[in-house]
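2 protein chains.
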Amino acid sequence: MLTRSAKYAIKALAYLARRPEGGAPVRIGDIAREEKIPQKFLERILLQLNRDGILYSRRGPEGGYGLARPANTIMLGDLIRRIDGPLAPIPCVSVTAYRPCPDCGDESSCGLRLVMKEVRDAMANILDQTSLADMQKRSDAVKGALAETRPTAVKPAHARKPRRSNPTS
Amino acid sequence: MLTRSAKYAIKALAYLARRPEGGAPVRIGDIAREEKIPQKFLERILLQLNRDGILYSRRGPEGGYGLARPANTIMLGDLIRRIDGPLAPIPCVSVTAYRPCPDCGDESSCGLRLVMKEVRDAMANILDQTSLADMQKRSDAVKGALAETRPTAVKPAHARKPRRSNPTS
DNA sequence: TTTATTCCCTATCGATTTAGTAGGGATAAT
DNA sequence: ATTATCCCTACTAAATCGATAGGGAATAAA
Chain F
0 MLTRSAKYAI KALAYLARRP EGGAPVRIGD IAREEKIPQK FLERILLQLN
50 RDGILYSRRG PEGGYGLARP ANTIMLGDLI RRIDGPLAPI PCVSVTAYRP
100 CPDCGDESSC GLRLVMKEVR DAMANILDQT SLADMQKRSD AVKGALAETR
150 PTAVKPAHAR KPRRSNPTS
Chain V
0 MLTRSAKYAI KALAYLARRP EGGAPVRIGD IAREEKIPQK FLERILLQLN
50 RDGILYSRRG PEGGYGLARP ANTIMLGDLI RRIDGPLAPI PCVSVTAYRP
100 CPDCGDESSC GLRLVMKEVR DAMANILDQT SLADMQKRSD AVKGALAETR
150 PTAVKPAHAR KPRRSNPTS
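Chains as they are written, first to last, in numbering that gives the first Met the number 0: chain F, 0 to 168; chain V, 0 to 168.
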C-alpha cells in the first residue's frame with residue numbers, strides 16, 4: 000500500500016507538471032489548497048524531494064517550488080522508492096535494496112521468492128516506465144475520450160518503447 | 000511489502016502442500032521448527048486460516064493441521080488478502096475492498112488511479128493465478144534444472160491458461 | 001478414566017511507522 | 001525594514017507489527 004506521503008508527493012508533482020515548463024515557482028500553499036493536502040505535511044515531503052534534486056526551490060516572496068527536470072524524466076517508481084522505500088514485496092527480491100532472508104536455505108530455488116520476483120518485476124515495469132508526463136497524458140486521454148467521437152486510446156507506458164530518461168542526451 | 004504474517008502463512012502452507020494429500024495432520028510445532036517460524040506467532044495465523052476454511056485441524060494427541068483443499072486450488076492472492084488485506088496500492092483501485100478517495104474530484108480520469116489500477120491488475124494477475132502447487136512446481140523446476148542436461152523451464156502461472164479453481168467441478 | 005498432548009482463544013507488550021502539528025530560523029523581494 | 005516564503009527540528013497521538021503469556025477445550029492413548 001502506498002503511504003499518504005507518496006500519494007501526496009505524486010499528486011503535488013503532477014500539479015507542478017501541469018504548469019508551463021520554466022514558469023514561475025509555485026507556493027506550497029497553492030499546491031496544498033488545490034490538491035487538498037495538509038500544508039505542513041506537504042512541506043516536509045517537498046523539502047525532501049528538493050534535497051533529492053527532483054525539485055528546485057526559491058525562498059522569500061515570489062518563491063516556491065518547481066520541477067528540476069522535465070516531467071517526462073521523472074518516473075513514478077523513483078518517487079515511490081524515495082518516499083516509501085523499495086517496491087519489492089520482500090527484501091530478497093529487491094533490486095535497489097536487496098537483503099537476504101536470514102533463514103532461507105537455498106534462495107535460488109525458494110518458490111515464494113520466485114513468485115515475488117515476478118510481482119516486483121511487474122510493478123517495476125509499470126512504475127519505472129511511467130513518468131509524470133505519461134500519467135498526465137493518460138488522464139487527458141480519458142477526459143478527451145468523453146468528449147470525442149473517435150476516442151484515441153493512449154497505450155500504457157510499459158507497452159510502448161521505453162523513452163530515453165534524458166531527452167537532451 | 001508483505002508482512003511477516005503473510006510470509007509465514009505461505010511458507011507454512013507450502014510445507015503442508017508438500018506432504019501427501021489426505022495424510023495425517025501436522026503439528027504446529029513441526030511446521031514452526033522446519034520453517035523457522037516463532038511457534039506462538041504461527042499458531043495465531045493458522046488459527047485464522049482454519050476459521051477461513053483453508054485448513055482443517057484436529058486437536059489432542061496425533062492432532063495437527065492440514066490443507067482443507069487441494070494445493071492447486073489455494074491461490075497466493077487469496078492468502079495474502081486474508082492476512083494482509085487488499086493487494087491494491089490505493090483503495091480506489093481495489094476490487095475486493097474498494098473505497099473512493101475522499102478528495103478525488105473525477106475518479107475516472109485521475110492519472111494516479113489509472114496507473115495504480117494497472118499495478119493492481121498486474122499483481123492480481125500473478126497472485127490470483129499462482130497456487131501453492133504452482134509455487135512448488137517452480138521451485139522443483141529450478142532444483143531440477145541444476146541437475147539436468149536439458150533444463151525444462153516451467154512457465155509462470157499467469158502465462159498459462161487459467162485452471163478451474165475447483166478441479167472436482 | 002486418567003493423563004498427556006494438541007489446538008483454541010484472549011490479552012498484553014514494546015518497537016516502529018504513520019500522519020500530522022508546532023514553532024521557529026534563513027532568505028530574498030519589495 | 002518588512003514580509004512572504006522556504007528550511008529545519010522536535011514533538012505527538014494513533015495505528016500497526018511482531019511477538020509472548022497464560023490458560024481453556026478437546027481427544028487419543030494408557
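The C-beta atom is built at its ideal place from N, Cα and C for all residues, glycine as well.
Identity of the residues DSSP links to residue i by a beta bridge
{"i": "residue 138 (chain F)", "result": "Paired residue(s): none; residue 138 (chain F) is not in a bridge."}
{"i": "residue 54 (chain F)", "result": "F:66"}
{"i": "residue 130 (chain F)", "result": "F:74"}
{"i": "residue 25 (chain V)", "result": "V:64"}
Beta-carbon neighbours of residue i, restricted to chain F and to distances below 9 Å
{"i": "residue 92 (chain V)", "result": "Neighbours of residue 92 (chain V) on chain F: none; closest Cβ ~10 Å, over 9 Å."}
Residue i, enclosing alpha helix (DSSP H) - first and last residue
{"i": "residue 14 (chain V)", "result": "3-16"}
{"i": "residue 71 (chain F)", "result": "No alpha helix (DSSP H) holds residue 71 (chain F); DSSP gives it neither H nor E."}
Buried versus exposed, by CB contacts within 10 Å (16 or more), residue i
{"i": "residue 94 (chain V)", "result": "exposed"}
{"i": "residue 127 (chain F)", "result": "buried"}
{"i": "residue 12 (chain V)", "result": "buried"}
{"i": "residue 106 (chain F)", "result": "exposed"}
{"i": "residue 16 (chain V)", "result": "buried"}
{"i": "residue 51 (chain F)", "result": "exposed"}
{"i": "residue 133 (chain V)", "result": "buried"}
{"i": "residue 80 (chain V)", "result": "buried"}
{"i": "residue 145 (chain F)", "result": "exposed"}
{"i": "residue 63 (chain V)", "result": "buried"}
{"i": "residue 96 (chain V)", "result": "exposed"}
{"i": "residue 23 (chain V)", "result": "exposed"}
{"i": "residue 110 (chain F)", "result": "buried"}
{"i": "residue 60 (chain V)", "result": "exposed"}
{"i": "residue 39 (chain F)", "result": "exposed"}
{"i": "residue 10 (chain V)", "result": "buried"}
{"i": "residue 55 (chain V)", "result": "exposed"}
{"i": "residue 35 (chain F)", "result": "exposed"}
{"i": "residue 168 (chain F)", "result": "At residue 168 (chain F) the pLDDT is 38, less than 50, meaning the model places this residue with poor confidence; the figure from the coordinates comes in the next sentence. Exposed, since its Cβ has fewer than 16 Cβ neighbours within 10 Å."}
{"i": "residue 112 (chain V)", "result": "buried"}
{"i": "residue 2 (chain V)", "result": "exposed"}
{"i": "residue 142 (chain F)", "result": "exposed"}
{"i": "residue 101 (chain V)", "result": "exposed"}
{"i": "residue 117 (chain F)", "result": "buried"}
{"i": "residue 37 (chain V)", "result": "exposed"}
{"i": "residue 166 (chain V)", "result": "In this predicted model, residue 166 (chain V) has a pLDDT of only 38, less than 50, meaning its place in the structure is not dependable; the value taken from the coordinates is given anyway. Counting Cβ neighbours within 10 Å, residue 166 (chain V) comes out exposed, since fewer than 16 surround it."}
{"i": "residue 19 (chain F)", "result": "exposed"}
{"i": "residue 32 (chain V)", "result": "exposed"}
{"i": "residue 99 (chain V)", "result": "exposed"}
Residues that residue i contacts on chain V, provided the C-beta gap is smaller than 7 Å
{"i": "residue 63 (chain F)", "result": "Correct list: empty, because the minimum Cβ distance to chain V is about 22 Å."}
{"i": "residue 110 (chain F)", "result": "13, 134, 135, 137 and 138"}
{"i": "residue 121 (chain F)", "result": "121, 122 and 125"}
Beta-carbon neighbours of residue i, restricted to chain F and to distances below 8 Å
{"i": "residue 113 (chain V)", "result": "134, 137, 138 and 141"}
Proximal chain F residues relative to residue i, where beta-carbon distance stays under 7 Å
{"i": "residue 66 (chain V)", "result": "Going along chain F, no residue has its Cβ under 7 Å from residue 66 (chain V), so there is no contact; the nearest lies around 15 Å."}
Near-chain V residues of the region 75-105 of chain F (beta-carbon distance less than 7 Å), N- to C-terminal order: 75, 88, 89 and 102
field: Contact residues within the region 127-150 of chain V, judged by C-beta distance below 7 Å to chain F
entry: 129, 134, 135, 137, 138, 141 and 142
message: Closer than 7 Å between beta carbons: that is the criterion. Which residues of the region 4-28 of chain F meet it against chain V?
response: 6, 9, 10 and 13
message: Please identify, using Cβ separations under 7 Å, the residues of the region 29-41 of chain F that lie next to chain V, in order along the chain.
response: 35
task: Could you list the residues in the region 44-60 of chain F with a C-beta less than 7 Å from some C-beta on chain V, going in chain order?
output: none
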